[in-house]
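Novice: Residue numbers (the working numbering): 127 to 810. Here it is, the structure in full.
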Amino acid sequence: MCLVGAIVVEKNWLRRIRRFVSNNHALIPGTVAAVISVGMWQLGIWQPLERMAYNWMFQVRTESSIIPHRTWDERVAVIAIDDASLKKYGKFPWRRDRYVDLLKTLEKSPPAVIGFDILFVDPGKGDRKFASAIASSGNVVLPMAWDESGYPLQVIPEFEEVAANIGQIWHNPDDDGISRQTPIFFGKTPALGLAMLQVVAESGVRSPESGVGENKEIGSIGAEGQNKELPFSSVSPLVSNLSENLLPLKSPIAKRLSPEGAKLPELAKGNRREDVWINWPGAAQDARTFSYADVVEGKVPASTFAGKFVLVGVTATAADTMRSPLDQNPPTSGVYLHAAMVDNLLNNRLLHSPRNRWVIILLLSLGPTVSALLYNRSVRERAAIAVLLPSAWIIFSLSSFMDDRWLLPLIAPAGTTIMAGVGMQIREQYEKQEMMSLFAKHVAPETAKVIWQRKDEIIQNGKLQAQETIATVLFCDIRGFTTISEKLPPCELLDWLNRYLDAMTDCIMDRGGVIDKYIGDAIMAVFGIPFVHTDPEAIKHDAHRAIAAAIAMQKRLKRLNRQLQAEGKPTIEIGIGIHTGLVVAGSVGGKRRLNYSVLGDTVNVAARLEPMNKEVKGDNPYKLIVSGKTFAHVCDRYDAYQVGTTQLRGREQQTTIYCILGKKKKQKLPQPEGAIAPKVKISV
127 MCLVGAIVVE KNWLRRIRRF VSNNHALIPG TVAAVISVGM WQLGIWQPLE
177 RMAYNWMFQV RTESSIIPHR TWDERVAVIA IDDASLKKYG KFPWRRDRYV
227 DLLKTLEKSP PAVIGFDILF VDPGKGDRKF ASAIASSGNV VLPMAWDESG
277 YPLQVIPEFE EVAANIGQIW HNPDDDGISR QTPIFFGKTP ALGLAMLQVV
327 AESGVRSPES GVGENKEIGS IGAEGQNKEL PFSSVSPLVS NLSENLLPLK
377 SPIAKRLSPE GAKLPELAKG NRREDVWINW PGAAQDARTF SYADVVEGKV
427 PASTFAGKFV LVGVTATAAD TMRSPLDQNP PTSGVYLHAA MVDNLLNNRL
477 LHSPRNRWVI ILLLSLGPTV SALLYNRSVR ERAAIAVLLP SAWIIFSLSS
527 FMDDRWLLPL IAPAGTTIMA GVGMQIREQY EKQEMMSLFA KHVAPETAKV
577 IWQRKDEIIQ NGKLQAQETI ATVLFCDIRG FTTISEKLPP CELLDWLNRY
627 LDAMTDCIMD RGGVIDKYIG DAIMAVFGIP FVHTDPEAIK HDAHRAIAAA
677 IAMQKRLKRL NRQLQAEGKP TIEIGIGIHT GLVVAGSVGG KRRLNYSVLG
727 DTVNVAARLE PMNKEVKGDN PYKLIVSGKT FAHVCDRYDA YQVGTTQLRG
777 REQQTTIYCI LGKKKKQKLP QPEGAIAPKV KISV
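See the structure below:
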């Protein structure tokens, strides 16, 4: 019973899915495009292009004359161990006393915090003096990292005990070698830049105006004589509480976190690593950089670093190289990555990228939306939408980036839009081929074009729907075809018949008729499909076209007969019957073969009228018999006489029949002698 129930549930779901697809066929191309795009996103296929877009946005911001340029925060300074410093003090690594000299120099006008981008993992000479200098400064942050095998490169205990904080300096560039992201946390260890800000947030700042040893609140860190607020409490909107991820400082200084709590990118529970996107303020050469040798020798005024965020790192050629979107060739140095982090945190301009699930939701919703927008649009409208939608998204993403807020995926949404548009075009071509396979052999090219332009009137849910409409049906048949077929060889007969059918088909199609089918030597044509006609004038026009086609067929047949007679082949005589009434038009056949056709009593009446031409003894110049319903629509343009009223086989109602004489003349013609008397029953 459980198995039966499961099968029933599965069938119900499949039925619902089929019904949904049938009712929303226009969304299928966009949905398929969205699913493909999500797959590409998950497999990392979009990512190389997104990285290129990341680089491009920085270049646009830097090179544009319209967009205001970003600059490095003046509160951030880099003391560079450059080529000149190595030339003066010797090869790297240096003895510890070199760093002691630097810290003593900076004590004259203390920075807010000093961060070293230099690992101290092995004991060396002068460690005690350097540890004493670190303790004396009280604001030194030292780094730690991991080697390629994952082994931690810890600060030696002697330095760790006296350092104000420890920050990690590990980062992994993207496949193209450019550093775009860096871990703001690695386990419980903050990035070097964040560790520096934690020291400032928890200990206060010795401002240049307040003098050495005096504390000043972090909201007024000086920068060249100007007070600037440190927005540490609103660095990022993604985490509610800094203290959940930051270990408390070992320093005995009183802790004063901001009342709101610092807002930083969330470190999900159980995660070892959380990356953030760096918003590069500019090229490394534009950052406030000072040579290590110049600082130690007093060539740089001590007040330059007062209240600043100072980073010390190696910038010498080929040492600690790193590439950024603005420093690709030649590369820059890794210390500037940490300087950029400090800059971003100080100014609340870390770039926030949406979580993976939101990108997936965006792509999945974008595809069907594009399909809905493109559905039933002209080529120009589609082209405009195909250009405007990606352009609008690019402008929106670029604007968000320029505002230092969000780094949104640029290429994947634009690519999804394009794929959805291409999918719509492919589906439309398929539908066009499918429709043309039904109509191409039935109508003239001009009519086929109109049918395609107005396809929505006859196609619902991707299928050609059955429709009831008032139409005029024409039947045409060759007199004595059986006798002729016995006289001609099969190949000659086929050629003879095809010449006739070709000529008659032209007459019908040129006047907007639809060839329903060829039945041996007979032709069935319909005027008034595939579009539903309810307007009396449109129905009248269909009847006019049918009569005009019938007359044209007889005239064309005369020319053909002259050619056949000259070739010694049998001539052709035809009879035509026309009736106007309700028909059902639609696809008839199986899955493997479909024909567009009409069904109904109107078809039967027209078929019964055609052979009645043989019963007319009076004038019948066009061998054309029409019903009273048809004649009622054309009586203002064509002359005719009533042949009679008869009961056609299979019908209970009497049918009035007329013989068409031609275009209407001013003078009414008398009824010819020999016509069938009214109300005479004729068996057909």
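Every residue gets a Cβ at the ideal spot worked out from N, C-alpha and C, and that includes glycine. Note that the structure is predicted; figures quoted are calculated from it, not measured.
Which one of Arg414, Arg196, Pro615 has the shortest CA to CA distance from Pro407?
Specialist: Locating residue 407 in the sequence shown gives position 281, counting from the first residue. The residue with the shortest Cα to Cα distance from Pro407 is Arg196.
Novice: May I ask you to report which of helix, strand or coil DSSP gives Gln280?
Specialist: The residue given as residue 280 occupies position 154 in the sequence shown. Gln280 falls in the coil class under three-state DSSP.
Novice: Measure how close the beta-carbons of Ile702 and Ala669 come, nearest whole angstrom, since I'm counting them as under 8 Å.
Specialist: Mapped onto the sequence shown, residue 702 falls at position 576. Mapped onto the sequence shown, residue 669 falls at position 543. At roughly 14 Å, the Cβ-Cβ gap does not stay under 8 Å, so Ile702 and Ala669 are not in contact.
Novice: From the DSSP output, in three-state form, read off Thr441 for me.
Specialist: Sequence index remark: in the sequence shown, residue 441 carries index 315 (1-based). Correct three-state label for Thr441: coil.
Novice: Consult DSSP for Glu343 and reduce its assignment to one of helix, strand or coil.
Specialist: Within the sequence shown, the letter at position 217 stands for residue 343. Because the pLDDT of Glu343 is 39, which lies under 50, any placement of that residue in the model is unreliable, and the question is left without a value.
Novice: Using 7 Å as the threshold, is the C-beta distance between Leu787 and Ala766 below it?
Specialist: By 1-based counting over the sequence shown, the position of residue 787 is 661. By 1-based counting over the sequence shown, the position of residue 766 is 640. Their beta carbons are under 7 Å apart, which means Leu787 touches Ala766 by this criterion.
Novice: Any idea which residues DSSP pairs Trp594 with across the strands?
Specialist: Start at 1 with the first residue of the sequence shown, and residue 594 comes out as number 468. At residue 594 the sequence reads Glu, which differs from the Trp that was named. In the DSSP output, where bridge partners are listed per residue, Glu594 has Val710.
Novice: Does the pairing of the stretch 182-190 with the stretch 204-222 give three or more beta-carbon distances under 8 Å?
Specialist: Output reads no: the stretch 204-222 does not touch the stretch 182-190.
Novice: Any idea if Arg201 is buried or exposed, counting beta-carbon neighbours within 10 angstroms, 16 or more meaning buried?
Specialist: Mapped onto the sequence shown, residue 201 falls at position 75. Buried, because 16 or more other Cβ atoms sit within 10 Å of the Cβ of Arg201.
Novice: So what's Thr447 in DSSP terms, helix, strand or just coil?
Specialist: Position 321 of the sequence shown, counted from the start, is the residue given in the question as residue 447. It is a strand residue.
Novice: Could you spell out the range, first to last residue, of the alpha helix (DSSP H) harbouring Gly156?
Specialist: As a working note, residue 156 is residue 30 in the sequence shown. Taken as a continuous stretch (DSSP letters only), the alpha helix (DSSP H) holding Gly156 covers 154-168.
Novice: Within the same chain, show all residues whose beta-carbon is closer than 7 Å to that of Asp273, passing over the 5 residues directly before and after it, in chain order.
Specialist: One-based indexing of the sequence shown puts residue 273 at position 147. Excluding sequence neighbours, Asp273 sits near Leu279.
Novice: Roughly how many whole angstroms lie between the Cα atoms of Gln555 and Gly712?
Specialist: In the sequence shown, the residue the question calls residue 555 occupies position 429. In the sequence shown, the residue the question calls residue 712 occupies position 586. Approximately 21 Å, taken between the alpha carbons.
Novice: Whose C-beta lies closer than 7 Å to the C-beta of Ala664 among residues of the same chain, with five residues either side of it excluded?
Specialist: If you number the sequence shown from 1, residue 664 lands on position 538. Answer for Ala664: no residue qualifies.
Novice: Using a Cβ-Cβ cut-off of 6 Å (strictly less than) and excluding sequence neighbours within five positions of Cys602, which residues of its own chain qualify?
Specialist: Within the sequence shown, the letter at position 476 stands for residue 602. Ile649, Ile700, Ile702, listed in sequence order.
Novice: When the Cα atoms are used, what is the spatial distance from Tyr501 to Ser523?
Specialist: The residue you call residue 501 lines up with position 375 of the sequence shown. The residue you call residue 523 lines up with position 397 of the sequence shown. About 26 Å.
Novice: Using three-state DSSP, classify Lys790 as helix, strand or coil.
Specialist: In the sequence shown, residue 790 corresponds to position 664, counting from 1. The answer is coil: DSSP assigns Lys790 none of H, G, I, E or B.
Novice: If you compare alpha carbons, which of Ile544, Gly493, Ile537 is closest to Ala512?
Specialist: As a first step, residue 512 must be located in the sequence shown, where it is residue number 386. Checking every option, the nearest Cα to that of Ala512 belongs to Ile544.
Novice: Is the stretch 505-521 touching the stretch 434-444 in the sense that three or more CB pairs, one from each, lie closer than 8 Å?
Specialist: Cβ pair count under 8 Å is below three, so no.
Novice: May I ask you to report which of helix, strand or coil DSSP gives Tyr764?
Specialist: Taking the first residue of the sequence shown as position 1, residue 764 is located at position 638. Strand, per DSSP.
Novice: Where does Pro334 sit, in a helix, a strand or coil, going by DSSP?
Specialist: The residue labelled residue 334 in the question sits at position 208 within the sequence shown. At Pro334 the pLDDT is 36, less than 50, meaning the model places this residue with poor confidence and gives no usable figure here.
Novice: Mark Arg637 as exposed unless 16 or more other C-beta atoms lie within 10 angstroms of its C-beta, in which case mark it buried.
Specialist: Working through the sequence shown from its first residue, we reach residue 637 at position 511. Buried.
Novice: For Arg625, tell me which candidate among Asp529, Arg685, Gly639 has the shortest Cα-Cα distance.
Specialist: Along the sequence shown, read from residue 1 onward, the residue named residue 625 stands at position 499. The residue with the shortest Cα to Cα distance from Arg625 is Arg685.
Novice: Pick out whichever of Val421, Leu476, Val769 has its Cα sitting closest to the Cα of Val226.
Specialist: Along the sequence shown, read from residue 1 onward, the residue named residue 226 stands at position 100. Of the listed residues, the one whose Cα sits closest to Val226 is Val421.
Novice: Decide if Tyr277 is buried, meaning its Cβ has at least 16 other Cβ atoms within 10 Å, or exposed.
Specialist: Within the sequence shown, numbered from 1, the residue matching residue 277 stands at position 151. Result: exposed.
Novice: Keeping to the same chain, check which residues put their C-beta closer than 8 Å to that of Phe607; ignore five residues upstream and five downstream.
Specialist: The sequence position of residue 607 within the sequence shown is 481, counting from 1. Same-chain partners within the cutoff: Gly646, Asp647.
Novice: Would you kindly report the start and end of the unbroken alpha helix (DSSP H) that includes Tyr626?
Specialist: Reading the sequence shown from its first residue, position 500 is the one you call residue 626. 616-635 is the span of the alpha helix (DSSP H), which, as asked, contains Tyr626.
Novice: For Lys213, name the three-state secondary structure that DSSP assigns.
Specialist: Start at 1 with the first residue of the sequence shown, and residue 213 comes out as number 87. Here Lys213 sits in helix by DSSP.
Novice: Please report the straight-line C-alpha distance between Met550 and Ser497, rounded to a whole angstrom.
Specialist: Position 424 of the sequence shown, counting from 1, holds the residue named residue 550. Position 371 of the sequence shown, counting from 1, holds the residue named residue 497. Distance between the alpha carbons of Met550 and Ser497: 7 Å.
Novice: Going straight from the alpha carbon of Ser611 to that of Leu619, what length do you get?
Specialist: As a working note, residue 611 is residue 485 in the sequence shown. As a working note, residue 619 is residue 493 in the sequence shown. About 6 Å.
Novice: Taking three-plus beta-carbon pairs below 8 Å as touching, is the stretch 752-766 in contact with the stretch 628-644?
Specialist: Too few Cβ pairs lie closer than 8 Å, so no.
Novice: For Gly824, is the classification buried or exposed, using 16 other Cβ atoms within 10 angstroms of its Cβ as the cut-off for buried?
Specialist: Residue 824 falls outside the range modelled here, since the chain spans only 127 to 810, and no answer is possible.
Novice: Report back the beta-carbon spacing between Tyr292 and Val436 to the nearest angstrom; my notes put them in contact at under 8 Å.
Specialist: On the sequence shown, residue 292 is found 166 positions in, with the first residue counted as 1. On the sequence shown, residue 436 is found 310 positions in, with the first residue counted as 1. Residue 292 is actually Ile in this sequence, not Tyr. Between Val436 and Ile292 the Cβ distance is about 17 Å, and since that is not below 8 Å, they are no contact.
Novice: For Thr728 and Val709, which I take to be in contact (beta-carbon distance under 8 Å), what is that distance rounded to the nearest angstrom?
Specialist: To locate residue 728, count along the sequence shown from 1; it is residue 602. To locate residue 709, count along the sequence shown from 1; it is residue 583. That pair is a contact at about 5 Å.
Novice: Can you tell me which of Pro283, Leu614, Pro269 puts its alpha carbon nearest to the alpha carbon of Ala257?
Specialist: Here residue 257 corresponds to residue number 131 of the sequence shown, with the count starting at 1. Ala257 has its Cα closest to that of Pro283, out of Pro283, Leu614, Pro269.
Novice: Count the other CB atoms, across all protein chains shown, that sit within 10 Å of the CB of Cys617; report buried if there are 16 or more and exposed otherwise.
Specialist: As a first step, residue 617 is located in the sequence shown; it is residue number 491 there, counting from the start. Its Cβ having fewer than 16 others within 10 Å, Cys617 is exposed.
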